[in-house]
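Student: From first to last, the protein sequence lines are chains A and B. Taking the numbering used here, the leading residue of the first sequence gets -6, the next gets one more, and so forth. Taking the numbering used here, the leading residue of the second sequence gets -6, the next gets one more, and so forth. The structure is given below, and queries will be raised subsequently.
2 protein chains.
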Amino acid sequence: MANIKEIARQAGVSVSTVSRVLNNHPYVSEEKRNRVMDTIKQLKYARNMNAVHLITGRTMNIAIMLPFVNHVYFSALMEGVGKGALSASYRLILCQTGYSQDKEREALDMLRNREVDGIVVLSSSISPSEIEAYCAYGPIVCCQDAGERQFSSVYINHTEAFRKAIRYLIRKGHRHIGFTVGRMDSPSTEARLIAYREMLEELGEPYRKEWILDRCLDIEDGAAIMERLFVMKERPSALLVTGDHVAAGLIYEAERRGVSIPEELAVIGFDNHPIGRMLGLTTIDNQLLQMGEMAFAILHEHIEGTQTAPVRHELDFELIERASV
Amino acid sequence: MANIKEIARQAGVSVSTVSRVLNNHPYVSEEKRNRVMDTIKQLKYARNMNAVHLITGRTMNIAIMLPFVNHVYFSALMEGVGKGALSASYRLILCQTGYSQDKEREALDMLRNREVDGIVVLSSSISPSEIEAYCAYGPIVCCQDAGERQFSSVYINHTEAFRKAIRYLIRKGHRHIGFTVGRMDSPSTEARLIAYREMLEELGEPYRKEWILDRCLDIEDGAAIMERLFVMKERPSALLVTGDHVAAGLIYEAERRGVSIPEELAVIGFDNHPIGRMLGLTTIDNQLLQMGEMAFAILHEHIEGTQTAPVRHELDFELIERASV
DNA sequence: TTGTAGGCGTTATCAC
DNA sequence: GTGATAACGCCTACAA
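Shown next, in the form of structure tokens:
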């Protein structure tokens, strides 16, 4: 494999001239530039980017840390990050963790090891303070609200969003409201619980543990909810479902069993995914695409040095009224 | 940022010894090893992997080229590739192309530039022969049948799979069969058309261009199919739908409009996605997860040098009978 | 406008 | 076991 030295020799110029041509520097005579380009083509020369990375200290790679690839929520976020990265000529290195803390640390280590210029954390199970320790090695942007930190974050206010959904249900006459979560110990679940307890107090309703349906992640989990509802002594009249896919499963199964929506069970989704639009699902648009794009945009500013202080960016959300409430 | 030289100085050893410790080489005395490890911890030393990549000529990165991230078909494949990569400690670099040929070439260029040790092509729009030109720079594995090539491929026989689905429909009494495709000019569409024309001839049915429904990629495209069917003078009694999500949209919309499935319209899907299981969709399991895993496995063998000749691996498929036919 | 030379941070080689 | 020293391939002062 030819290297820059070889090109220089064959073209009868110095390595610096070749390097200048390679990097589109000015101050190279047309004649030499052409001569260099010709031999590059002739010898099918290709730069060894690892050498470039070493000397420049930049890789144009950023890491994207997420638990699963095969999930609509993360796909949508990834799409957004990817869009931003693409237009800025950055590459995405996938760090699929499955919420393994070791894998998460490995991902962060890429920053220490100079393998990436920055990292976007879509979701993690290690603590924000542990993430914070990596800020010394390069910019980090999280897609979750982590409070005041040395790293940036882009997020929606889950408490507010949940509150809005709850108020909407109450306005529609509901008092018996349950909700689903992906996992009980996630930050967004915590944020939602705040709004939920607030509502219970306001309505004077008791906290019914069984109305908080854990481990609802995909469409089949949604379908399984109906079964769980049927065995309850007392059933909620409305359900806040954190994920349009989960809601889709629920709606499908409800129709199959002859439970009419919204009359017998009202449903509000989250994510505003196409599947929900098709089903007439009332949902909260949490701007996943924009969140991903924004995450990259901020990271990019940090990398470029345009922005050095950590940024906290709260995105808007929107209640989209359709026919499931 | 401390480097290996600094560690050597502070620990009172040579850089070679530090390097040996770093790489778990034998022939280092316990005493020096500990001394080195201590100073590494003390100075919070982290290797600059770019230097390692440069000298070793390997990056432990592989590129994964695909048009879209946010699509179930590619998510599933990606999950498979990622699984394999994870267990072999390889990283995935996402190359989202949107079927732009320039972007596809850029992805392949990563191989030339030594940024990756290999590349998995999930789907591309440039020709197999153009891909073949990159074989000189490193191993490539395609998830489509590209015929006899210098690169490896993992695929299912789409003609056979389609034939099987068609035979099944015929056995169930159908003669008027249409099908959907993602894009008209894809290799898999071509493969399917072979089986399709074969069937038409066998049944003595004419080729009806309108029964081949183009641009069906996601759930909403599926829902839109009903509208397209209604305006036809003559309607197919069965539809082969290339993607369970598309089929899901179709089924949902059919039910909404009171078209009973399978009585008035029989549907066979592809992919065996959870959504299809929920809907009772008869489908063909095309082993996406296994395909991804296999693609990585073969690539890995090429990288390791265990396998130098190109491999063509045809995966099995399976017709899963449920209730939509 | 061009070339020389030094350095980026490792690992590999070889001598001791 | 250990340590010099030469690569790896490129970029970039600095000098000319």
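Glycine is no exception: its CB is placed at the ideal position from the N, C-alpha and C atoms.
Closer than 8 angstroms, CB to CB, is Asp211(A) near chain B or not?
Tutor: At least one chain B Cβ lies under 8 angstroms of Asp211(A).
Student: Which of the three DSSP states is assigned to Asn17(B) in this structure?
Tutor: Coil.
Student: By alpha-carbon positions, which one of Arg305(B), Arg221(B) and Ile296(B) ends up nearest to Arg142(B)?
Tutor: Checked all of Arg305(B), Arg221(B) and Ile296(B); the closest Cα to Arg142(B) is Arg305(B).
Student: Can you find a C-beta in chain B that's less than 8 angstroms from the C-beta of Gly111(A)?
Tutor: Not one chain B Cβ lies under 8 angstroms of Gly111(A).
Student: Can you tell me which of the three DSSP states Cys135(B) falls into?
Tutor: In the structure shown, Cys135(B) sits in a strand (DSSP, three-state: E or B).
Student: Name, in chain order, the residues that DSSP records as bridge partners for Ile149(A).
Tutor: Answer by DSSP bridge pairing, in chain order: Leu308(A).
Student: DSSP three-state call for Val109(B): helix, strand or coil?
Tutor: Val109(B) falls in the coil class under three-state DSSP.
Student: In this structure, what does DSSP give as the bridge partners for Cys88(B)?
Tutor: Answer is Met58(B).
Student: Can you pull out the residues from the stretch 30 to 51 of chain B whose beta carbon lies closer than 7 angstroms to at least one beta carbon of chain A?
Tutor: Result list: Ala39, Arg40, Asn41, Met42, Asn43, Ala44, His46 and Leu47.
Student: Less than 7 angstroms between C-beta atoms, sequence neighbours within five positions excluded: which residues of the same chain meet that for Glu24(B)?
Tutor: Here the set comprises nothing.
Student: Just how far apart, CA to CA, sit Ile319(A) and Arg190(B)?
Tutor: Chain A is shown only over -6 to 318; residue 319(A) falls outside these bounds and no answer can be derived.
Student: Listing by chain order, which chain B residues have their CB less than 9 angstroms from the CB of Asn27(A)?
Tutor: Those do not exist, as Asn27(A) stays about 22 angstroms from chain B at its closest Cβ, beyond 9 angstroms.
Student: Which of helix, strand or coil does DSSP assign to Ile254(B)?
Tutor: Ile254(B): coil per DSSP, three-state reduction.
Student: To which residues does DSSP link Ile261(A) through a beta bridge?
Tutor: DSSP, once it has assigned bridges, lists Leu233(A) and Thr275(A) as partnering Ile261(A).
Student: Please check the pair Ile261(B) and Val174(B), which I expect to be a contact at CB under 8 angstroms, by giving their CB distance rounded to whole angstroms.
Tutor: No, Ile261(B) and Val174(B) are not in contact; Cβ-Cβ is about 14 angstroms, not under 8 angstroms.
Student: Is the stretch 57 to 64 of chain B close to the stretch 27 to 37 of chain B, with three or more CB pairs under 8 angstroms?
Tutor: No, the stretch 57 to 64 of chain B does not touch the stretch 27 to 37 of chain B.
Student: Starting from Phe223(A), follow the alpha helix (DSSP H) in both directions and report where the run begins and ends.
Tutor: Counting along the chain, the alpha helix (DSSP H) containing Phe223(A) begins and ends at Ile212 to Phe223.
Student: Can you tell me which residues form a DSSP beta bridge with Ile313(A)?
Tutor: BP columns for Ile313(A) point to Thr276(A).
Student: Could you please give me the residues that DSSP links to Gly171(B) through a beta bridge?
Tutor: DSSP lists Leu232(B) as partners of Gly171(B).
Student: Chain B beta carbons: is any one of them nearer than 8 angstroms to that of Ala247(A)?
Tutor: It does not: the Cβ of Ala247(A) has no partner Cβ on chain B nearer than 8 angstroms.
Student: How many Å lie between Ser117(B) and Leu70(A) at the Cα?
Tutor: Approximately 23 angstroms between the Cα atoms of the pair.
Student: At what residues does the alpha helix (DSSP H) containing Val6(B) begin and finish?
Tutor: Premise fails: Val6(B) is in no alpha helix (DSSP H) and is neither H nor E.
Student: In three-state terms, what does DSSP make of Leu115(A)?
Tutor: Residue state, collapsed to three classes: coil.
Student: Who are the neighbours of Gly171(A) on chain B, taking C-beta pairs under 8 angstroms?
Tutor: Correct list: empty, because the minimum Cβ distance to chain B is about 21 angstroms.
Student: Identify the contact partners of Ser68(B) in chain A, using a Cβ-Cβ distance below 7 angstroms as the criterion.
Tutor: Within 7 angstroms Cβ-Cβ: Val62, Asn63 and Ser68.
Student: Report the rounded CA-to-CA distance for Leu114(B) versus Arg185(B), giving the unit in angstroms.
Tutor: The sequence given here places Val at residue 114(B); Leu does not occur at that position. Looking at the two C-alpha atoms, the distance is approximately 21 angstroms.
Student: Thinking C-beta only, is Ala78(A) closer than 8 angstroms to Leu162(A)?
Tutor: No, the Cβ-Cβ distance between Leu162(A) and Ala78(A) is not below 8 angstroms.
Student: Buried or exposed: which applies to Asn16(B), given that a residue is buried once 16 or more other Cβ atoms fall within 10 Å of its Cβ?
Tutor: Label assigned to Asn16(B): exposed.
Student: Of all the options Phe155(B), Asp102(B) and Glu(-1)(B), which has the alpha carbon lying nearest to the alpha carbon of Arg40(A)?
Tutor: Ranking Phe155(B), Asp102(B) and Glu(-1)(B) by Cα distance to Arg40(A) puts Asp102(B) first.
Student: So, with DSSP's three-state summary, where would you put Leu206(B)?
Tutor: If DSSP states are grouped into helix, strand and coil, Leu206(B) belongs with the strands.
Student: Can Ala241(B) and Leu258(B) be called in contact, C-beta distance under 8 angstroms?
Tutor: Not in contact: Ala241(B) and Leu258(B) (Cβ atoms no closer than 8 angstroms).
Student: Under a CB-based cut-off of 8 angstroms, is Gly75(A) close to chain B?
Tutor: Yes, because at least one Cβ of chain B sits closer than 8 angstroms to the Cβ of Gly75(A).
Student: Distance, Cα to Cα, Ser12(A) vs Tyr127(B)?
Tutor: Going from the Cα of Ser12(A) to the Cα of Tyr127(B) covers about 24 angstroms.
Student: Label Gln89(A) either buried or exposed according to how many other C-beta atoms from any shown protein chain fall within 10 Å of its C-beta, with 16 as the threshold for buried.
Tutor: Buried, since its Cβ has 16 or more Cβ neighbours within 10 Å.
Student: So, at 6 angstroms on beta carbons, what are the nonlocal neighbours of Ser145(A) in its own chain, with the 5 sequence-adjacent residues on each side left out?
Tutor: Closer than 6 angstroms at Cβ, skipping near neighbours: Val134, Ile291, Pro303 and Val304.
Student: Kindly list the residues whose CB is nearer than 8 angstroms to the CB of Val239(A), restricted to its own chain and excluding five residues on each side of it in sequence; keep chain order.
Tutor: Once the five neighbours on either side are set aside, the close Cβ partners of Val239(A) are Thr173, Cys209, Leu210, Asp211, Ile212, Asp214, Gly215, Ile218 and Gly262.
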